[in-house]
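In the working numbering, the protein residues as written are 49 to 164. Glycine included, C-beta positions come from ideal geometry on N, C-alpha and C. Taking it in order: structure first as C-alpha cells, then the write-up.
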C-alpha cells in the first residue's frame, strides 16, 4: 500500500474505528490484516499482478510486468484465508489486529517467471 493513498488511509481509518468501538464497549472488534490472495476466482482483468500474469499466460502472449518487478508480495491461498478468518471469529482477542498471510514473500518478476 502506498502511504497516504485513499486505499491505505481507508484501511487505517477502518481499523481506528474498530479500535474505538472496541474501547467504548460498543463492539468486540477483531481486525484481520489480509495479505495478497491467490486461488480460484482471482480476477484476471483487474489490478492483481498474479491474475494478470495468468491471463497473459492463458492468452499465449508475453507476461507483462508493470513497474520494475522488484516489489515483494506475500501470497495466501484464498481457502486458507477462510480458515484463518473463522479462527479469528472464534478465538481472536477483541482489540487486537492479526496479520493474515504467508511469511514467504516473492518479488513480482519471480512470480511472473513462475506463472510463465
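Item	Value
Helix or strand or just coil, what does DSSP make of residue 55?	helix
Classify residue 149: buried if its beta carbon has 16 or more other beta carbons within 10 angstroms, exposed otherwise.	buried
Do you know offhand how far residue 65's Cα is from residue 73's?	12 Å
Report the rounded CA-to-CA distance for residue 121 versus residue 140, giving the unit in angstroms.	25 Å
Looking only at C-alpha atoms, which of 56, 71 and 82 sits nearest to residue 127?	82
With DSSP as the reference, label residue 145 as helix, strand or coil.	strand
Kindly indicate which three-state DSSP category residue 99 falls into: helix, strand or coil?	helix
Which word fits residue 111, buried or exposed, when buried means at least 16 other C-beta atoms lie within 10 angstroms of its C-beta?	buried
In terms of residue numbering, what span does the alpha helix (DSSP H) encompassing residue 84 cover?	Unbroken run through residue 84 is the beta strand (DSSP E), 84-86; no alpha helix (DSSP H).
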